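First the structure, in the form of structure tokens, and then the observations on it.
This is the structure:
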């Protein structure tokens, strides 16, 4: 019974393509996040939604567009993929604030060729 | 100055010894502090949280917080090969809606 699930787990695609990653949580959390982890393991926040409302939008190219249809789901759509987008993307969820930490999804390894 | 800094390692410790991992942070308004463990190819897993100065123990793990020095540490007693992983320090400014992570310390426990 997975708490935070992401699909797909692996994504290999060509430059210029458009792709989506989906995330769902069954923890009853109010807030969901997208983080990008680079090859040096550094985790950097991209977006955060609280109950379907965008609350954090870090300096991310506008080719990245998040969408939250309800508080249990947060998707990430990426247009015109570039080589530099290759990374592991993690979805996470928390209670209303991040004060009690996050639960992470299993990650999506995106490789752009 | 990075918001959260860790020594990236690698840190190598013999089995059975104490592994000590350190983290400093720049924002004095930070109020909650976390240690995550990440095995290669897996997602980060929360292992300790600490909110007030002093020590917090959970099994073989002890988190230590010193807000005056802006310093958080994680001690792992009786280290096991299964403890080999990257350890990520994360900090939340009170009421802020995000965790800021350090770059992680790669720990290897040698049998």
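Residue numbers (this note's numbering), protein chains in the order written: chain D, 225 to 337; chain U, 6 to 116. A virtual CB, placed ideally from N, CA and C, is assigned to each residue, including glycine. If you're wondering where the values come from, they're calculated on a predicted model, not measured in any experiment.
**OP:** Note down, in chain order, all residues in the region 37-50 of chain U with a beta-carbon under 9 Å from any beta-carbon belonging to chain D.
**Re:** 37, 39, 41, 43, 46, 47, 48, 49 and 50
Original post:
Is residue 318/D helix, strand or coil by DSSP?
Top reply: strand
Original post:
What is the DSSP secondary structure of residue 21/U, reduced to helix, strand or coil?
Top reply: coil
Subject >> Cβ shell of residue 273/D (< 6 Å), same chain only, five flanking positions each side left out >> reply: 256, 292 and 298
**OP:** Could you check which residue in 301/D, 249/D and 287/D has the C-alpha nearest to that of residue 318/D?
**Re:** 249/D
Original post:
Roughly how many angstroms lie between the CA atoms of residue 280/D and residue 20/U, to the nearest whole one?
Top reply: 42 Å
Original post:
Are at least three pairs of beta-carbons, each pair with one atom in the region 6-21 of chain U and one in the region 60-76 of chain U, less than 8 Å apart?
Top reply: no
**OP:** Could you please tell me which residues of the region 320-336 of chain D, in chain order, have their CB closer than 8 Å to any CB of chain U?
**Re:** 321, 322, 323, 324, 325, 326, 327, 328, 329, 330 and 331
Subject >> Three-state secondary structure assigned by DSSP to residue 104/U >> reply: coil
**OP:** For my contact list, residue 35/U and residue 6/U are in at a C-beta cut-off of 8 Å; report their separation, rounded to the angstrom.
**Re:** Not really, about 14 Å apart at Cβ, beyond 8 Å.
**OP:** Classify residue 324/D as helix, strand or coil using the three-state DSSP reduction.
**Re:** helix
Subject >> DSSP state of residue 87/U mapped onto helix, strand, coil >> reply: helix
Original post:
Are the Cβ atoms of residue 48/U and residue 263/D separated by less than 8 Å?
Top reply: no
Original post:
Taking DSSP as the reference, what is the three-state secondary structure of residue 267/D?
Top reply: strand
Original post:
Residues of chain U with CB under 7 Å from residue 255/D, in chain order?
Top reply: 102
Original post:
chain D partners of residue 54/U, CB-CB under 8 Å?
Top reply: 324 and 325
Original post:
Going by DSSP, which residues form a beta bridge with residue 1/U?
Top reply: Because chain U in this structure spans residues 6 to 116, residue 1/U falls outside the shown range and cannot be described.
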